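Shown next, in structure tokens, is the structure this report addresses.
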Amino acid sequence: MAVDDLKQLALEARTGEETLVTETLEAARGHQAIGALLEKQLVHENAFLKELAAQFRLPWWDVPLPPLDEKLRRRFPARLALRHHVYPVRFEEHGLFVLTYDPFNLTARQVVGHDIAEPITWCVASRRNILAALRTGYGVGAATFDEILEGRDSDDAAFDLKEEVNIVDEDPEASVVSFVNQIMREALDERATDIHVEPLEHDLRIRYRIDGVLHEVPVPSKIKMLQASVLSRIKIMAHLDIAERRIPQDGRISLEMNGQPIDVRVATIPTVSGESISLRLLARNRFDFSLLGLTPEAEQKIRDLIAQPNGIILLTGPTGCGKSTSLYTFLSMLNTMERRIVTVEDPVEHKLPGVMQIAIKPEINLTFAVALRSILRGDPNVIMVGEMRDFETAEIAIRAALTGHLVFSTLHTNDAIGGITRLIDMGVQPFLVSSSVRAFLAQRLVRVLCPACSKPAQHSPAFLKQVGFPIAYADRIKQAVGCEHCRHTGYEGRAALFEICLVSPAIQDLISQGKSAEALRARALQEGMVPLRQDGWNRVIAGATTLEEVVRVTAADVDVLDE
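Just add 17 to the spot in the sequence shown (first one is 1) and you have the numbering used here.
Structure below.
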């Protein structure tokens, strides 16, 4: 089939508005055109590939792809499958069935036919399904893994899973570098925020945190042999001491992948099975309110707060709830030529142009309190303290707020009102809290429903009553299903829930009088504070997330809606 015929086929199969099919096909000839066409989603994938299969008189594989069994994995090497994007499905009397999304790829057909001593029956299947099955069947970096171990006999007695082969020491040119890069590249493709490389007794487990939930990554079956090499490579990238395995270490990696600059925070901890390494992927994104997923009402309240000339704005919540992202968003809004912004953080997660950022170093006595004292002598307009951990830091921050500075900081509490009691428990006088703090903001992150596969959910009235959801809106509840678009999770991305407690004159009086948290909360609700769970219900009613997500992230929030 000529390229012009392929172009016409693409034009007939595509859906939606005018696309760049012509330009894409002119830029890529042969089988590369197919990959570019599908990757850029310029055509409806299944319709296009079905028609292509018919043109080549090849069968179309329209049933779910079976998992790859061990026999097939041994007889069909990863280097063939992953390099050429072909997937073996089964052996039959007439030979091996192999799936491809690209009948033009004659190289793949020739290489497979040469290396596999079996008759081959080719079928056409969805590109998305083939890539997902390859990843699950062979594991991330399996082709590179095969290259590293090429020449070793997998049945040899010396080929023991308990034996770690340190490729870094034996062969500096080995492909372990590519293997680690593949792990990171796939994590970015999967929208992961963290990578955990965890040694177990007989295995090396890799997990990605995607939308706040950990997912185990399929890896080659004998990856334990490369444990020392993989860990050493990551430590070298982070400029850590590869010989030191007894104590925790922290480092940082700056790299560029897919044209995107990425900062990676690296932390190692010694375990009984070897060093465990966690990597936090920090893309250098722009920070604006649209990325927080705020409701218009919450966004307006926060904009009014950060426009204040002085005072403290405190964000509360557990680790991983998005407090740092919110703080950087607020600072980006204020980052103008007329303002001097200084931060003290542990560690500095994102570098903001034009902002003076200090990383604390307890080993040389550069603590939050020490740094904050120096900041006040540097004529700042806006100060951000990564966390108020002790009375000394809180006292200096309050002094800064009372002397005309706008201060942002965080506390680890379950809700907004908990921030008030936490400061008082630290030893801060109630009248100082009431006179310096402008607002307490509690935050959580919920996963957002995939728009392609969510559907209406059914819950019993008893369950809705138990969790406090208003039964009148039961028909608005949706549930996560899972599809190819969202990698079968049912969710894509996250949005923030906020509980905003403004310190009004009435609440100032209650704080100064030493009233209980219950009294403070009751007054805040009277003045219009929306509890975390109610903000979550609003998102459920709007079809943005699920009831289960809201219950999961607000389990500590006992306040529920009345029917």
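The C-beta atom is built at its ideal place from N, Cα and C for all residues, glycine as well. All values reported here derive from a predicted model rather than from experimental measurement.
Taking the alpha-carbon of Val399 as reference, which of Leu54, Leu69, Phe425, Arg569 has the nearest alpha-carbon? Phe425
First and last residue of the alpha helix (DSSP H) that includes Val129? That run of the alpha helix (DSSP H) goes 123-132.
For Pro548, which of Gln530, Val568, Ser533 has the nearest alpha-carbon? Taking the Cα of Pro548 as reference, the smallest distance to any Cα among Gln530, Val568, Ser533 is reached at Val568.
Measure how close the beta-carbons of Leu116 and Ala142 come, nearest whole angstrom, since I'm counting them as under 8 Å. 4 Å
Which residues in the same chain as Met546 place their Cβ atom closer than 6 Å to its Cβ, once the five residues preceding and following it in sequence are excluded? Cys518
Should Gln530 go down as buried or exposed, given a rule of 16 or more other Cβ atoms within 10 Å for buried? exposed
Going by DSSP in three states, His101 sits in which element: helix, strand or coil? DSSP places His101 in helix when its eight states are reduced to three.
From the DSSP output, read off the bridge partner residues of Lys378. Leu383
Relative to the C-alpha of Arg90, which residue among Asp407, Lys239, Ile212 is closest? Lys239
Helix, strand or coil: which one does DSSP assign to Gln475? coil
Please report the distance separating the alpha-carbon of His61 from that of Ala534. Roughly 56 Å between the two C-alpha positions.
From Val359, Ala255, Ile415, pick the residue whose C-alpha is nearest to that of Ala388; which is it? Checking every option, the nearest Cα to that of Ala388 belongs to Val359.
Please list the segments of the alpha helix (DSSP H) lying wholly inside the region 477-560, counting only runs of 4 or more residues, in order along the chain. 478-484, 522-529, 534-543, 549-558
Here's the rule I'm using: 16 or more other beta-carbon atoms within 10 Å means buried, otherwise exposed. How should Thr571 be labelled? Under this definition Thr571 is a buried residue.
In its own chain, which residues sit with a C-beta less than 7 Å from the C-beta of Glu566, not counting the 5 before and 5 after it? Val463, Arg464
Residue interval of the beta strand (DSSP E) (run including Ile279): In the DSSP annotation of this structure, the continuous segment of the beta strand (DSSP E) that includes Ile279 starts and ends at 277-288.
Please report the distance separating the alpha-carbon of Lys252 from that of Glu215. 14 Å
Phe93 - DSSP class collapsed to helix/strand/coil: coil
Where Thr562 falls: helix, strand or coil (DSSP): coil
Using DSSP bridges, identify the partner residues of Ala456. Ile330, Leu519
Pairing CB atoms from the region 319-334 with CB atoms from the region 411-422, are three or more of them under 8 Å? yes
Exposed or buried, Asp432, counting other C-beta atoms within 10 Å across all chains shown (16 or more means buried)? buried
Among Ser295, Ile133, Ala456, which has the Cα closest to the Cα of Asp321? Comparing Cα positions, the closest option is Ala456.
For Ile434, is the classification buried or exposed, using 16 other Cβ atoms within 10 angstroms of its Cβ as the cut-off for buried? buried
DSSP three-state assignment for Pro237, whether helix, strand or coil: Residue state, collapsed to three classes: coil.
By DSSP, does Thr117 sit in helix, in strand, or in coil? strand
Can you tell me where the beta strand (DSSP E) holding Ala255 begins and where it ends? Taken as a continuous stretch (DSSP letters only), Ala255 belongs to no beta strand (DSSP E), as it is neither H nor E.
Would you give the residue range spanned by the beta strand (DSSP E) that Thr353 belongs to? Premise fails: Thr353 is in no beta strand (DSSP E) and is neither H nor E.
Alpha carbon to alpha carbon, what distance is there between Gly154 and Ile51? 23 Å
Contact between the region 290-297 and the region 240-249 (3+ Cβ pairs under 8 Å): The answer is yes - the region 240-249 touches the region 290-297, with three or more Cβ pairs under 8 Å.
Can you give me the C-alpha to C-alpha distance between Arg262 and Ala53, rounded to a whole angstrom? 45 Å
Give the DSSP bridge partners of Trp77, in chain order. Val141
Reduced DSSP category for Phe408 - H, G, I as helix; E, B as strand; rest coil: helix
Contact set for Thr410: own chain, Cβ-Cβ below 6 Å, skip 5 residues either direction: For Thr410, same chain residues with a beta-carbon under 6 Å away, outside a window of 5 residues either side, are Phe385, Ala386 in chain order.
Please classify Ala71: does DSSP put it in a helix, a strand, or coil? helix
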